[in-house]
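> There's a structure below that I have some questions on.
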Amino acid sequence: MTSTFTPDGTPVELTALVRTAWAEGLGHEEFQDDENFFEVGGHSMCAVRIVRALKGRTGTPLTVRQFFAHPTVTELAGFLTENAPAAGQDPADAKAGA
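Here this note's numbering is used: the first residue of the sequence shown is 67, the next is one more, and so on.
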């Protein structure tokens, strides 16, 4: 399987996964990938649901604080790319930056 990447090196599939999680959490798809989570109707409980969904779907450690530090789909997908567990690594052992 060949992956396609965004200009910043993030897999297109991961960006789409983040976008889907946001749409499910927010209950709408009326946002662009570079819009701030809070400006499109996000709130802390919604963020908790999205973080839980992304951790389950990607296996990448993610905290709500990290989510807030990367408040756009594009930024969050880039963060998840940079902090994804290495192949064969237990996600519980992966260290995601604060």
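Cβ atoms here follow ideal geometry from the backbone N, Cα and C, with glycine treated the same way.
For residue 145, name the three-state secondary structure that DSSP assigns.
Reduced to three states, the DSSP call for residue 145 is helix.
> Residue 69 lies in the alpha helix (DSSP H); which residues open and close that run?
Careful: residue 69 lies outside any alpha helix (DSSP H) and carries neither H nor E.
> Terminal residues of the continuous alpha helix (DSSP H) containing residue 86?
It spans 78-92 - the alpha helix (DSSP H) in which residue 86 sits, taken as one unbroken run.
> Quick check: the segment 105-114 against the segment 138-148, are at least 3 beta-carbon pairs closer than 8 Å?
No contact exists between the segment 138-148 and the segment 105-114.
> Tell me which residues share the same chain as residue 64 and place their Cβ nearer than 8 Å to its Cβ, disregarding the 5 neighbours each side in the sequence.
Outside the shown range of the chain (67 to 164) lies residue 64, about which nothing can therefore be said.
> What residue does the alpha helix (DSSP H) around residue 117 start on, and which one ends it?
Element bounds for residue 117: 110-124.
> Classify residue 138 as buried or exposed, calling it buried when 16 or more other Cβ atoms lie within 10 Å of its own Cβ.
By the neighbour-count rule (16 or more Cβ atoms within 10 Å), residue 138 is buried.
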